[in-house]
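There are 2 protein chains.
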Amino acid sequence: MSSAPNDHSLDMLICRLEIIATLSEEERAAIRSLPAKTRILNAGQDIVCDGDKPSQSCLILNGWACRYKLLGAGRRQILSFHIPGDIPDLHSLHIHTMDHSLAALKETTVVLIPHDSLRELTARFPGLAAILWRETLIDAAVFREWMTGMGRRTAYERMAHLFCELYLRLQAVGLAQSYHCVLPITQVDLADALGLSNVHVNRVLKEMREQNLVTLRGGSLTIEAWDELMRACEFDPAYRHLEKRAS
Amino acid sequence: MSSAPNDHSLDMLICRLEIIATLSEEERAAIRSLPAKTRILNAGQDIVCDGDKPSQSCLILNGWACRYKLLGAGRRQILSFHIPGDIPDLHSLHIHTMDHSLAALKETTVVLIPHDSLRELTARFPGLAAILWRETLIDAAVFREWMTGMGRRTAYERMAHLFCELYLRLQAVGLAQSYHCVLPITQVDLADALGLSNVHVNRVLKEMREQNLVTLRGGSLTIEAWDELMRACEFDPAYRHLEKRAS
DNA sequence: CGGCATGTTGAATCTAATCAATCCACGTGG
DNA sequence: CCACGTGGATTGATTAGATTCAACATGCCG
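Structure follows, in structure tokens:
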């Protein structure tokens, strides 16, 4: 953990929020002056654990993370994947006990922002409060989409849907272009995210590869037929609620 | 739709918020003076639809509702059930387009509160804003729990878990006692909520009945063995985040 | 080089879905 | 009052999809 010179790590957050809203110069300045500590995590390392009562939230600067819950008999459910610009535990600002864990999927750099500072920020700038609130609501909207997938979509559709979602999210932060991106997710992780067994994930991936739809290999994803991929899972990006709106 | 004399329908909301927080007298008064219209819906009637851009949120006064998404080929996923005291579409305050629908499961009375008034309220009382934000975060926490159920729990466990959740929620608003409550949910609804087929729901219910665990019949639920029911699904109520905290 | 994590494949098994009847309670209209 | 229609619940038979178990391949790292 290193106390940051605060180069401009928080610009990442500004950039992210401006995807869904317009910020004033004051608001940008206030965000930039948030106290922040940088921390680097190894692959597999937990950032926050189920049951913790964190006093800070983390912004991902680079790397990958996922949230997950553990059940008895070694069962695990991955709830979401997170990429640079995300604040995966923003909810802990108002919900004090973690009901799941957050872990790095590869070497990952995060910026830790104290809840006190965030609370002060939202008190001074109600507009920012609304935007952050909105971020957590979008998070919930994505949960709803995943839920409907797990309940009512086939394994094939679920996988296709996840690839569409991840590609668009990566593209939005400049980490994907021309239907190609890094995806440091193992087949076991995919299985735990989609509610499948690792063996079945392997077979569905094989099928998609053979159909020249998508190829996932060596930690990188190539989408060979974007339109068909979207059609296969009835993908509608509306659930991510990216319509911009002057708060 | 009738313009309400505003007897005290909003006390329901106060009561609900005081489950997770402590309100000042001013805050209570401000809530009570919210403009509100009462509306009565028939069973099966939609309250808000996927794609709508509502300008108000609804508080359930009595009855039952559920949120759901429709997919191609007639598939439906129920995302949540709602009982008196819930504000199932509070998120529409900051997310402007509905990504799912909300429908009454039986004759249901709701109070409609304009977004403008809510925004004004949260601007004047940042403490209330935090509490409402928190409500939406708890909503998301429940989604996470359902997700892990659909991904990693068996049909039997999922069903048991849902019954535990609903019973405790009903109990909290005085609609259940001595392990018995009204549950106007058909087996088809249960199936769409749990990601199962109606036939399988029927079989699991039969199994539970034969084990003297729970009986669901004629719209009412009786839990014969609460402890065992909780054990069967590893139920831990923590995910509903009811710890009270002076905001 | 050995060890370990990850990915791949086959075979057997099982859970839950699907298809198809039937039943029952209830309300409606003749 | 009874015939009828309807929505929900129930049951059986069959099948599809996914899991489990097991073996083996591959690649990376110390």
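As you go down the protein sequences, you meet chains A and X in turn. Counting from 23, one number per residue, gives the positions in the first sequence under the numbering used here. Counting from 23, one number per residue, gives the positions in the second sequence under the numbering used here. Built from N, CA and C at the ideal position, the CB exists for glycine as well. For clarity, every value in this text was computed on a predicted model and none was experimentally measured.
Self-check item: Contact set for X/Asn-277: own chain, Cβ-Cβ below 7 Å, skip 5 residues either direction
Solution: Absent from the model: residue 277 of chain X. The displayed extent of chain X is 23 to 269, so no value can be given.
Self-check item: Expected contact under 8 Å - CB spacing of X/Phe-103 and X/Cys-80 to nearest Å
Solution: Here residue 103 of chain X is taken as the residue at index 81 of the second sequence, counted from 1. Here residue 80 of chain X is taken as the residue at index 58 of the second sequence, counted from 1. Not really, about 15 Å apart at Cβ, beyond 8 Å.
Practice problem: Taking C-beta pairs closer than 9 Å, name the residues in chain X that A/His-263 reaches, listed in chain order. | Solution: In the first sequence, counting from the first residue as 1, residue 263 of chain A sits at position 241. Those within 9 Å of A/His-263 in chain X are Ile-117, His-118, Thr-119, Asp-121.
Quiz item: Does the beta carbon of X/Cys-203 fall short of 7 Å from some heavy atom of the ligand SAH?
Solution: Of the ligands one can find in the structure shown there are none, so the ligand SAH has no counterpart to examine.
Self-check item: Neighbour-count burial assignment, X/Pro-106, 16 or more Cβ in a 10 Å radius
Solution: Locating residue 106 of chain X in the second sequence gives position 84, where the first residue counts as 1. Classification for X/Pro-106: buried.
Practice problem: Locate the alpha helix (DSSP H) running through A/His-222, then write down its first and last residues. | Solution: Numbered from 1 along the first sequence, position 200 holds the residue referred to as residue 222 of chain A. Its alpha helix (DSSP H) spans residues 220-232.
Quiz prompt | Inter-residue spacing [alpha-carbon to alpha-carbon] between X/Asp-111 and A/Gly-240 | solution = To locate residue 111 of chain X, count along the second sequence from 1; it is residue 89. To locate residue 240 of chain A, count along the first sequence from 1; it is residue 218. Taking C-alpha positions only, X/Asp-111 is separated from A/Gly-240 by approximately 42 Å.
Quiz prompt | Beta-carbon separation (whole angstroms), A/Cys-255 vs A/His-183, contact threshold 8 Å | solution = Taking the first residue of the first sequence as position 1, residue 255 of chain A is located at position 233. Taking the first residue of the first sequence as position 1, residue 183 of chain A is located at position 161. With 8 Å as the limit, A/Cys-255 and A/His-183 qualify as a contact, their Cβ atoms being about 4 Å apart.
Quiz prompt | Chain-order list of residues whose beta-carbon lies under 6 Å from that of X/Asn-220 (same chain, five-residue window excluded) | solution = Numbered from its first residue, the second sequence carries residue 220 of chain X at position 198. Correct list, in chain order: Gln-209, Val-210, Ala-213.
Self-check item: Runs of beta strand (DSSP E) wholly within the segment 52-80 of chain A (minimum 3 residues, chain order)
Solution: Taking 3 residues as the minimum length, the beta strand (DSSP E) runs contained wholly in the segment 52-80 of chain A are 59-63, 68-70, in order along the chain.
Quiz item: Between the C-alpha atoms of X/Phe-147 and A/Ile-62, what's the straight-line distance to the nearest angstrom?
Solution: Taking the first residue of the second sequence as position 1, residue 147 of chain X is located at position 125. Taking the first residue of the first sequence as position 1, residue 62 of chain A is located at position 40. For X/Phe-147 and A/Ile-62, the distance between alpha carbons rounds to 38 Å.
Practice problem: On a CA-only basis, which of X/Pro-57, X/Ala-198, X/Leu-92, X/Gly-85 is nearest X/Asp-72? Give me that one, please. | Solution: Counted from its first residue, the second sequence places residue 72 of chain X at position 50. Closest in C-alpha terms to X/Asp-72, from the list X/Pro-57, X/Ala-198, X/Leu-92, X/Gly-85, comes X/Leu-92.
Self-check item: C-alpha distance - X/Asp-33 paired with X/Arg-54, whole-angstrom precision
Solution: If you number the second sequence from 1, residue 33 of chain X lands on position 11. If you number the second sequence from 1, residue 54 of chain X lands on position 32. Near 7 Å, if we compare the C-alpha coordinates of X/Arg-54 and X/Asp-33.
Quiz item: Closest Cβ-Cβ distance between X/Asp-161 and chain A: below 8 Å?
Solution: Taking the second sequence and counting its residues from 1, the one referred to as residue 161 of chain X is at position 139. Chain A contact via Cβ: present.
Quiz item: Any Cβ of chain X within less than 8 Å of the Cβ of A/Thr-158?
Solution: In the first sequence, residue 158 of chain A corresponds to position 136, counting from 1. Taking Cβ atoms only, chain X reaches closer than 8 Å to A/Thr-158, which makes this a yes.
Exercise. Report the partner residues of A/Ser-102 according to the DSSP bridge assignment.
Key: For the purposes of this step, residue 102 of chain A is taken as residue 80 along the first sequence, with counting starting at 1. A/Ser-102 is bridged by DSSP to A/Arg-89.
Quiz item: Which chain X residues are close to A/Thr-170, counting only those with a beta carbon under 8 Å from its beta carbon?
Solution: Taking the first residue of the first sequence as position 1, residue 170 of chain A is located at position 148. Those are Lys-91, Leu-93, Gln-99, Leu-101, listed as they occur along chain X.
Practice problem: Could you tell me which residues DSSP pairs with A/Ile-82 in its beta bridges? | Solution: To locate residue 82 of chain A, count along the first sequence from 1; it is residue 60. For A/Ile-82, which the question treats as bridged, DSSP gives the partners A/Val-132.
Practice problem: If I'm right that A/Asp-121 touches X/Ala-194 with Cβ under 8 Å, what's the distance once you round it to whole angstroms? | Solution: As a working note, residue 121 of chain A is residue 99 in the first sequence. As a working note, residue 194 of chain X is residue 172 in the second sequence. Their Cβ separation, rounded to whole angstroms, is 18 Å, which puts A/Asp-121 and X/Ala-194 out of contact at 8 Å.
Practice problem: Find the residues of chain A that neighbour X/Phe-165, judging by a C-beta separation of less than 8 Å, and give them in chain order. | Solution: Here residue 165 of chain X refers to the residue found at position 143 when the second sequence is read from its first residue. What X/Phe-165 touches in chain A: Ala-162, Phe-165, Arg-166, Met-169.
Quiz item: Would DSSP call A/Ser-46 helix, strand or coil?
Solution: Translated into the one-based positions of the first sequence, residue 46 of chain A becomes position 24. Coil at A/Ser-46, not helix or strand.
Practice problem: Could you tell me which residues DSSP pairs with A/Ala-126 in its beta bridges? | Solution: Residue 126 of chain A sits at position 104 when you count from the first residue of the first sequence. Paired residues: A/Ala-87.
Quiz prompt | Strand pairing of A/Val-204, partner residues [DSSP] | solution = Taking the first sequence and counting its residues from 1, the one referred to as residue 204 of chain A is at position 182. A/Ser-242.
Exercise. Compute the distance between the beta-carbons of A/Ser-114 and A/Pro-76, then report whether it is under 8 Å.
Key: If you number the first sequence from 1, residue 114 of chain A lands on position 92. If you number the first sequence from 1, residue 76 of chain A lands on position 54. For A/Ser-114 and A/Pro-76, yes; Cβs fall inside 8 Å.
Quiz item: Of the choices X/His-30, X/Glu-47, X/Arg-38, X/Glu-49, whose alpha-carbon is the least far from that of X/Thr-60?
Solution: Against the second sequence, residue 60 of chain X aligns to sequence position 38. Taking only the C-alpha atoms, the option nearest X/Thr-60 is X/His-30.
Quiz item: What are the start and end residues of each continuous alpha helix (DSSP H) run of 4 or more residues lying completely inside the segment 133-207 of chain A, in chain order?
Solution: Counting whole runs of 4 or more residues, the segment 133-207 of chain A contains the alpha helix (DSSP H) stretches 137-146, 148-174, 177-194.
Quiz item: Closer than 8 Å, CB to CB, is A/Pro-148 near chain X or not?
Solution: Against the first sequence, residue 148 of chain A aligns to sequence position 126. True, the Cβ-Cβ gap to chain X drops below 8 Å.
Quiz prompt | For X/Val-210: DSSP bridge partner residues | solution = Along the second sequence, read from residue 1 onward, the residue named residue 210 of chain X stands at position 188. DSSP output for X/Val-210 lists no bridge partner at all.
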